[in-house]
Amino acid sequence: KKVVILISGRGSNMEAIVHTARREAWDVEVAAVISNRPEAAGLAFAKAQGISTVALDHKAYPTREAFDAALMDAIDAHAPDAVVLAGFMRILTPGFTEHYAGRLLNIHPSLLPAFPGLHTHRRALEAGCQLAGATVHLVTAELDHGPILAQAMVPVLAGDDEARLAQRVLSLEHQMYPRALAWFLAGELRQEGGRMQHRDGAA
Ligand code: GRF
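Count along the sequence shown starting at 1, add 943, and that's the number in the numbering used here.
Structure follows, in C-alpha cells:
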C-alpha cells in the first residue's frame, strides 16, 4: 500500500507515522510528503528519511481551485491508497474531497463533533471540559465533519493551560494516528450502524 502525507508545519504526526511504520515493519510506503508551506519543518525530516518531498506554495496559485488541482496532480503521481492530512492547514475544495472520497484521512485535536475548527484546546478549557482528546476521521466537504474512524481521550488536569493540554493531546495523537491509519489500510475498520468500528471491537 502507498500513502501520501500532507503537512503545513512541524509535521510531528507525519513523523510518528513514518517511525511507527518502520518500527512495526508495515507493508506500506510513504510515497511522498507534500507541504503547502515551503518552510515547513517537517519537510527536512521527510527528506532525511529518503522520502520524496514536494513544496507546493499555495500563495503561488490564483485560486483555491487552481491550488487544489496542482495538489491533486502531485498526489496522483503516486497513486496512493490513502491521503493523510497531518496538520495540513488549508481548507480543501469539494472537488478535492470528492476526488479522494473514502481514502482521505485527517486528525483533529478534539473529541469531534465538539470543537471543529481552530483553537480547540482553548475552547475546551473555556467550556470547562474534563476530558479532551483527538479524532481521526474521513474528510468530506464539510470541515471536520466526516465519518469518525477512531477517537481517544485524555483528562483535563487542574492547572492545565492551553500549552499543557495541547502537549498531552499531541502525545495521544502520535499514538493513535499511526494505529488508525494501519487499521484503515488493512481494511480492519468497518461501518456498523452508521459508525466505524474496529472489526474486533478494539476501537
Ligand atoms: C495537530 O494537533 C493536529 O491534530 C492538528 O494540527 C496539529 C499538527 O501538528 N490538525 P503536527 O504538524 O503534526 O506536529
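The beta-carbon is built from N, C-alpha and C at its ideal position, and this holds for glycine as well.
- Between the beta-carbon of His1064 and that of Ala1109 there is about 5 angstroms, and that keeps the pair under the 8 angstroms contact cut.
- Following the DSSP letters along the chain, one finds Val1079 in no alpha helix (DSSP H) but inside the beta strand (DSSP E) bounded by residues Leu1074 to Leu1081.
- Rounded to the nearest whole angstrom, the CA to CA distance from Phe1010 to Leu999 is 8 angstroms.
- Excluding its 5 nearest sequence neighbours in each direction, Ile1034 has C-beta neighbours in its own chain below 7 angstroms: Leu1086, listed in chain order.
- Of all alpha-carbon atoms in Leu1092, Ala1029 and Val1026, the one lying nearest the alpha-carbon of His1141 is that of Leu1092.
- DSSP places Gln992 outside any alpha helix (DSSP H), giving it a letter other than H or E.
- Here the region 1007-1021 does not lie against the region 1053-1071, with fewer than 3 beta-carbon pairs under 8 angstroms apart.
- For Ala1067, the shortest C-beta to heavy atom distance toward ligand 1 is 8 angstroms or greater.
- Apart from sequence neighbours up to five positions away, the residues of its chain that approach Leu1047 with a beta-carbon distance below 6 angstroms are Val1026 and Val1082, ordered along the chain.
- Within 10 angstroms of the beta-carbon of Ala968 lie fewer than 16 other beta-carbons, which makes it exposed.
- In this structure the region 1100-1107 does not touch the region 948-967; the number of beta carbon pairs closer than 8 angstroms is below three.
- Taking the Cβ of Ser955 as the reference point, at least one heavy atom of ligand 1 falls within a distance shorter than 8 angstroms.
- The continuous beta strand (DSSP E) containing Ser978 extends over residues Glu972 to Ser978.
- In the structure shown, the three-state DSSP call for Lys1002 is helix.
- Under the three-state reduction of DSSP output, His1088 falls in the coil class, being neither helix nor strand.
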